[in-house]
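From first to last, the protein sequence lines stand for chains A and H.
Okay, so the first sequence: first residue is 0 according to numbering that gives the first Met the number 0, each after it adds one.
Okay, so the second sequence: first residue is 0 according to numbering that gives the first Met the number 0, each after it adds one.
Reading through the structure tokens given below for one structure.
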Amino acid sequence: MTIETKRRIVWLGLVVLALWPPLHHAIFRRFDLSPWKGFGWAMYCVPPRVINTSPFSLDDRAPVSTARLNDPQRRAIYDAAGEFGRRRAEFGTLVKPDELAEVILELYPQLMGVEITVERVAVDRASATFVPERMDRYQYRRER
Amino acid sequence: MPLPQRILAIAGPRENETGWAANLFWFRLFVLLHMAGRSFLSVRVPEYDAWLHQLLLHALVVVGLAGLVPRLSLWASRLAALLVVAQIAITMPFTANHVFLELLCLGLLALLDESKQDEDELLLVAIRWLSAVFFFYTGLQKVLWGRYFDGQLLGYLTATEDRFAWFFQHVIPTVEFERLRAIGPPRAGAGPYRVDSLLFLAVSNSVYVFEMLAGVLLLVARTRWMAAIAAIGFVIMVELGAREIIFGALMINLLLLFVPGQWNKKLFGAFVVFYLYLCLANRMAAVPIFSYSL
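What follows is the structure, encoded as structure tokens:
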């Protein structure tokens, strides 16, 4: 490889390096992704977000209670919710609670469907306090 | 001279600048040492226990150490760059930004050979631009995300993390410090993380101002070495709180490439001792003062 080719590669690399952070900012805001990741040099820019997940029955809108489940079943739901929350905090709206819904529908055969609300809690710029900043609802109906 | 070349040349060595050519060789050895050390320290991280990741980490240690033999260092850099790409591929999107910074260094070291006369200057220029762009954008991103103006981010870190609390207890008035530490875990309503202290606000706002300014001043020939020394001091200050000293070591070596004299060479031995110490402490699970984050 000639020095000229290498020079072009370096130049191109630096241009990409300089263009990526503004793009990173726009993309990560658009899809609600965590700015800490993705090589946009935006680590330590915002406090980590908290994801709260709540499942409701689509039949009567009541919260899905885990009271009647045994320990392994309850753990299956908590694990699925925890994994979803972890990924959602990083990937934002690109991650949907499909697997959590699958676990819930499997454990509650009487449910016609489940709605999962996903709340993102983050530090508000003005109040400097954790506030719910975004709420998304995902509905899953049992296939007949 | 074409525009790209003129832009690249901004970061080139001054006419009377000495030591930079030798520094590049020692920087290469440092990056391989850093990669081996980071990988060794990552072996016992529970999230990395998958066999493929373990295999990669062990390979990175071997390649990094082999690269410390001068005649193997170029090929070790090339192999290491491929291995780090593989590591990033399996850790996405949770990969730390400093691993990517390491990959960029390895990529340049794989592409360019500092022992060739026409490549050494290009390598220096590329690494300097990389450092300057990195510094500038870390500052700009803080401005764009807007959690430094009232000290929200640093207040949050002080409230929730002992490593930052240890540092900021000397900056924040006692009453405010105790209030922050009593806020508890992050949840709706937790806060406020704003701190009633002019000194704390000054520190918070000076972070992004300094980073952006350093990014520019590192490129100006006249101010370059002063900016580099100030930036090294800044990195050390940040690491007193963040304790991401692995990243700090990489950053300091990048910045030493802006300072006249063979400082990468002179300090290489100290960094060998530093990584040996970290690796030994890691295996003995001791010496908490050198806690670090990977």
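The C-beta atom is built at its ideal place from N, Cα and C for all residues, glycine as well.
Computed from a prediction, not measured in an experiment: that's the story for all the values here.
Of all residues in the region 18 to 34 of chain A, only Pro20, His24, Pro34 come within less than 7 Å of chain H when Cβ atoms are compared, listed by chain position. DSSP places Tyr136 of chain H inside the alpha helix (DSSP H), whose first and last residues are 116 to 144. In summary, the residues of the region 71 to 91 of chain A whose CB is separated from some CB of chain H by less than 7 Å are Glu89, Phe90, in the order they occur in the chain. By the criterion of a C-beta distance shorter than 6 Å, Gly66 of chain H is surrounded in its chain by Leu31, Ser72, Ala75, once the five residues flanking it on both sides are discounted. Closest option to Leu7 of chain H, judged by alpha-carbon separation, among H:Gly138, H:Val174, H:Leu123: H:Leu123. Interface criterion not met: the Cβ of Met134 of chain A is under 7 Å from no Cβ in chain H. Of all residues in the region 188 to 199 of chain H, only Gly188, Ala189, Gly190, Pro191, Tyr192, Arg193 place a beta-carbon less than 8 Å from a beta-carbon of chain A. Exclusion of the five residues before and after Pro131 of chain A leaves Glu118, Val120 as the residues of its chain whose Cβ lies within less than 6 Å of its Cβ. Taking the beta carbon of Pro131 of chain A as reference, the chain H residues within 9 Å of it are Ala187, listed in sequence order. The alpha-carbon separation between Leu253 of chain H and Thr173 of chain H amounts to approximately 37 Å. By the neighbour-count criterion, in which 16 or more other beta carbons inside 10 Å mark a residue as buried, Ser196 of chain H falls on the buried side.
Look at the beta carbons and you see the region 78 to 89 of chain H not touching the region 109 to 117 of chain A: under three pairs across the two are nearer than 8 Å. In the structure shown, the three-state DSSP call for Ala49 of chain H is coil. His97 of chain H places its beta carbon less than 7 Å from that of Phe246 of chain H. Between Ile126 of chain H and Leu256 of chain H, the CB-CB gap stays under 7 Å. Taking a C-beta distance under 7 Å as the contact criterion, Ser205 of chain H and Tyr147 of chain H do not qualify as a contact pair. In the structure shown, the three-state DSSP call for Asn22 of chain H is helix. The contact set of Thr52 of chain A on chain H, defined by CB atoms closer than 9 Å, is empty, because the minimum CB distance reaches about 14 Å.
In the structure shown, the three-state DSSP call for Thr90 of chain H is helix. In terms of Cα proximity to Ile228 of chain H, the closest of H:Glu238, H:Leu216, H:Leu239 is H:Leu216. Secondary structure note for Ala121 of chain A: it is in no alpha helix (DSSP H), and the uninterrupted beta strand (DSSP E) holding it is 112 to 122. Counted as a single uninterrupted DSSP element, the alpha helix (DSSP H) harbouring Tyr207 of chain H occupies residues 197 to 216. Here Ala88 of chain A is near Ile50 of chain A, since their CB atoms are less than 7 Å apart. The beta-carbon distance between Phe90 of chain A and Leu32 of chain A, rounded to whole angstroms, is 6 Å. This is short enough to meet the 8 Å contact definition. Residue burial annotation: Leu105 of chain H is buried, with at least 16 other C-beta atoms found within 10 angstroms of its C-beta. Sequence-ordered contacts of the region 105 to 134 of chain A with chain H read Val120, Val122, Arg124, Ser126, Ala127, Thr128, Phe129, Val130, Pro131 [C-beta pairs closer than 7 Å]. In this chain, the alpha helix (DSSP H) harbouring Phe273 of chain H covers 262 to 283. The region 56 to 70 of chain H and the region 32 to 42 of chain H touch, with three or more beta-carbon pairs separated by less than 8 Å. Judged by beta-carbon spacing, Glu105 of chain A lies beyond the 7 Å limit of Ala79 of chain A, meaning their Cβ atoms are not closer than that value.
Approximately 21 Å separates the beta-carbon atoms of Val122 of chain A and Thr116 of chain A; this is outside 8 Å, ruling out the contact. Going by C-alpha positions, Arg7 of chain A is about 20 Å away from Phe133 of chain H.
Tyr192 of chain H is a Cβ neighbour of Gly154 of chain H, given a cutoff of 7 Å.
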